[in-house]
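The opening residue of the sequence shown carries number 1095 in the numbering used here; numbering runs sequentially from there. A short write-up of the structure that comes next.
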Amino acid sequence: MTTKKKNKKFVMPHIYVILFALITISAIATYIVPSGSYDRQDIDGRSVIIPDTFSFVEQSPVGILEFMTAIPRGVEQTIAIIFGIMAIGALFRVIEKAGIIDLIINFLIRSFGNKGMLIIPTIVIPLAIFVTLTGNIESSLIFLPALLPLFLKLGYDRMAATGTVLMATVVGFTIALTAPANLGTAQTIAELPLYSGIGYRMIILAVMTIIGILFIMNYIRKVQKDPTKTLITDDVDDSQFINDDTDRPEPSTRTYIATGTFIIALGFMLFGIFQYQWYFIELAGFYLLAGIICGLIAGLKPSGIAEAMNEGIQNIILGALIVGIARAISVVLEDGVIMDTVVYGLSLVITAIPETMVPVAMMIVQGLINFLIPSGSGQAAATMPIMVGLVDLTDMTRQTAVLAFQLGDGFSNIFYPTSGYFMAALAIAKIKYTDWIKFIWPLLVIWYSVGAVFLIIAYFMNWGPF
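Next up, the structure:
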């Protein structure tokens, strides 16, 4: 008689489990890592570190009450983003019920049916430009729900759709040209002219965007040639992302008018973002109002609109709450006063390497810090004063240090589980984190390698103005 041992297949834990484990590890670290802090000063409403002021302070390990309330406080700090994501879900469910998404998708399928690959640059380039100008990396959460059914109807998988949207937004955010939150904050702290160095950044943006487009197109070709090459390992039914077209009536005049209204509304949204710096509070209200107006024009009854919004919120609530739970990691590190200690320790590493490699080392260090501080403006405020102080002791320019910050902080936003919007996007597309890592790591290696080359070039060309 023989016994067969079943090989136990590793099952990826739920994202809540992963984040709670990271929160717990962070809390334990507050008992091990010495507490320390920098002195800070307020500059234009930002709390900025004063270099050379780090000192160790009395150990402040996180207590039970602080640990217990970390997640609620993380949600409290990100409530505007959370509600904004919920409003996105509500809006897209309404316009889906109204037939607007079907109308747009069918138009795009007719336009790209025989040359579907062209849809990749058609989506990526405008989206990257939008984010590089505004810094609104969370816009991926706006477009992903609409693009998923389009990609699936074209015969692509969910990974291709998710990769296209996240790649486009992260490359625009990383090589920002005029984004105020990350680039603006970093250059202000470095006392550089605002948005200076735009020419060299445009070259880098173009190169990185082309690399990303080719990477996505190569994945799509590979999977189309051999469907077993897909990196999606779950058993999620893709049909849930696609409306059933069976017996669906032809779009009515009201549907066309509602679609035109929706497109105009998107233009108005961009105007609000550019002209009035709308963020999630304003955008959330706008999404809800746009959904109501488009729904009424399309012929939906008020109760039907309300039910659709409720369904949309239910579909996206996981992704919304992830943002607040991920923020709890930073809350714990701040409670334990070890955030500055980590920043200080990493800054010491930079001073111990050859000067020509300092820009690359800065990029790597900024990438590591982004795990702890997944906020572009927050990371700039925490690290740039130190980096500027280190740069002034070398022949490296401050402009190069800002680029190192951008490259390190930016690309890692689609790698770390502490990046709330990124994990929310995976939740929307029902993509496993492990599957995503298998997909994205080659592109990240290429991006960082090319970024290192651009940094070394910037060092030798003495890229400035200073």
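Where a beta carbon is used, it is the ideal one built from N, C-alpha and C, also for glycine.
Across the set D1429, F1505, T1528, the C-alpha of D1429 shows the shortest separation from the C-alpha of A1121. Within the model, the alpha-carbon separation for L1394 versus W1557 is close to 57 Å. In this structure, DSSP gives Q1371 a state outside helix and strand, which the three-state scheme calls coil. Nearest C-alpha to P1511 among Y1542, L1538, N1464, F1554: N1464.
Taking C-beta separations shorter than 6 Å and ignoring five residues to either side along the sequence, the partners of V1265 in its chain run A1222, M1302, T1303, G1306, following chain order. In the three-state scheme derived from DSSP, where H, G and I count as helix and E and B as strand, I1336 is classed as coil. The Cβ atoms of E1449 and D1486 lie no closer than 8 Å to each other. The DSSP-derived three-state label of D1136 is strand. Taking the Cα of C1388 as reference, the smallest distance to any Cα among A1455, M1481, I1358, I1531 is reached at I1358. Residue environment analysis places A1115 among the exposed positions, since fewer than 16 neighbouring C-beta atoms fall within 10 angstroms of its C-beta. Closest option to I1182, judged by alpha-carbon separation, among E1232, T1147, A1192: E1232. A Cβ-Cβ separation of about 7 Å places Y1289 in contact with L1271 under the 8 Å criterion.
Of the candidates V1425, D1329, K1191, V1437, the residue whose Cα lies closest to the Cα of P1166 is V1425. The DSSP-derived three-state label of S1205 is helix. Per DSSP, the continuous alpha helix (DSSP H) segment holding G1504 begins and ends at 1492 to 1505. A residue is called buried when at least 16 other Cβ atoms come within 10 angstroms of its Cβ; N1404 does not meet this threshold and is exposed. Per DSSP, Q1153 lies in no alpha helix (DSSP H) segment and is marked neither H nor E.
Burial state of V1111 is exposed, judged by a 10 Å Cβ sphere holding fewer than 16 other Cβ atoms. Around the beta-carbon of S1234, 16 or more other beta-carbon atoms lie within 10 Å, marking it buried.
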